[in-house]
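Heads up: the sequence shown begins at 92 in this note's numbering, then just goes up one per residue.
Beta carbons are placed, not taken as given, at the ideal position from N, Cα and C, and that holds for glycine.
Please read all numbers here as calculations on a predicted model, not as lab measurements.
Heads up, the thing below is written out as structure tokens.
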Amino acid sequence: MHKIFAKPLFLGKKVVFLPQCHSTNDELAVLAKNSKEPEGLALYTHDQTKGKGQRGNAWIAEPGKNMLISVLLRPGFLDPQNQFYLNLITGLAIIDVLKEFIPNDLTLKWPNDVYIEDRKIAGILIESNMRGSTLESSIVGVGLNVNQKGFALPKATSMSIETGDDFDLNDIMENFLLKLEKWYLKLKAGAKGDILDQYHQLLMWRGEKRKFRNADEEFFGEIVGIDQHGRLAINYDGSLHYYGIKEVEFVG
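So, in structure tokens, the structure goes:
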């Protein structure tokens, strides 16, 4: 156990800290099997040795420098086909944290990354469990680059690189939980339209022609937004085409 975060109403009121672990999502999934664990349980680490990203990619972070956290939600109010909204509100929460310190162009790259201009600063991985036709639990995993100064990937950045400052990780985590709670309560209140509008305003490359690759070909298309199922809508060949996660990738 570790200290609780005072500012949120219910996120982070129970906290588990592990100095090192393979994956915060995996560790929290074990705890979440106990149905008595409260919504809002947060688990974080300073050293994640086998962090997971989308498409099975690894998330590699320098020990002790970044926010590596997973949060347990119990979104039984949410229709399973709308669970993609959890990705949206998590991205919006990260943007809310960053814009307090960084004036640069902040965008959300579909489906689950946060960028400053052309540089990745955060990734999101949400894993859910069903009980019958109900979302029993969702684990919201976030890796946010905070104080790391160097990366193997040339297009990665951190809050410290962008501002020249170092940050208190506990303060950043508490702020993130506070912002995530705000958006989660909006979602619970049925404000899907507002959430979608805010997401579209921040959607990377929206309205621009870009090169993509699907299972059959490479093509140039214009990102229009996402549809009611969370699929990416791309306009090319005179019509809209819709793609789920892993069905299309950005080429340039």
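Item                                                                                                                                                            : Value
Which of the three DSSP states, helix, strand or coil, is assigned to L199?                                                                                     : strand
Pick from K211, I325, S161 and D259: whose alpha carbon is nearest that of L102?                                                                                : S161
What number of angstroms, rounded off, separates the C-alpha of V342 from the C-alpha of L260?                                                                  : 34 angstroms
For V106, list the residues DSSP reports as bridge partners.                                                                                                    : A133
Could you tell me the alpha carbon to alpha carbon distance between L235 and A213, rounded to whole angstroms?                                                  : 4 angstroms
Could you tell me which of V237, Y206 and E218 sits nearest to E153, measuring between CA atoms?                                                                : V237
Count the other CB atoms, across all protein chains shown, that sit within 10 Å of the CB of T181; report buried if there are 16 or more and exposed otherwise. : buried
Which residue comes first and which comes last in the beta strand (DSSP E) that contains F310?                                                                  : E309 to I317
CA-CA distance, R322 and Y333?                                                                                                                                  : 6 angstroms
Which same chain residues end up closer than 7 angstroms to A247 when comparing Cβ atoms and leaving out the 5 residues on each side of it in sequence?         : R210, K211 and N236
For the region 263-342, list the beta strand (DSSP E) runs that are entirely contained and at least 3 residues long, ordered along the chain.                   : 300-304, 309-317, 323-327 and 330-334
Rounded to the nearest angstrom, what separates P171 and S224 at their Cα positions?                                                                            : 7 angstroms
Assuming N266 and I215 are in contact, meaning their beta carbons sit under 8 angstroms apart, how far apart are those beta carbons, in whole angstroms?        : No, N266 and I215 are not in contact; Cβ-Cβ is about 16 angstroms, not under 8 angstroms.
Assuming L164 contacts S228 under a Cβ cut-off of 8 angstroms, what Cβ separation, rounded to an integer in Å, is found between them?                           : 7 angstroms
Do you know offhand how far L109's Cα is from H291's?                                                                                                           : 36 angstroms
Using only the alpha-carbon positions, how far apart do I230 and H113 sit?                                                                                      : 15 angstroms
Would DSSP call I160 helix, strand or coil?                                                                                                                     : strand
Could you please give the first and the last residue of the uninterrupted alpha helix (DSSP H) stretch that includes V121?                                      : T115 to A123
With a threshold of 7 angstroms (Cβ to nearest heavy atom), would K124 be considered close to the ligand SAM?                                                   : Absence of the ligand SAM is noted for the structure shown, with no ligands found whatsoever.
Using beta-carbon positions only, say whether D288 and K277 come within less than 8 angstroms of one another.                                                   : no
Taking all protein chains shown into account, decide if K337 is buried (16 or more other Cβ within 10 angstroms of its Cβ) or exposed.                          : exposed
Please classify I217: does DSSP put it in a helix, a strand, or coil?                                                                                           : strand
Run the CB neighbour count on K105, radius 10 Å, all protein chains shown included, and call it buried at 16 or more, exposed below.                            : buried
Can you check which of these residues, I193, K279, I314 and E309, is closest to W296 by C-alpha distance?                                                       : I314
Do you know offhand how far D307's Cα is from V339's?                                                                                                           : 10 angstroms
Using alpha carbons as the reference points, say which of Q239, G329 and K273 lies closest to H137.                                                             : Q239
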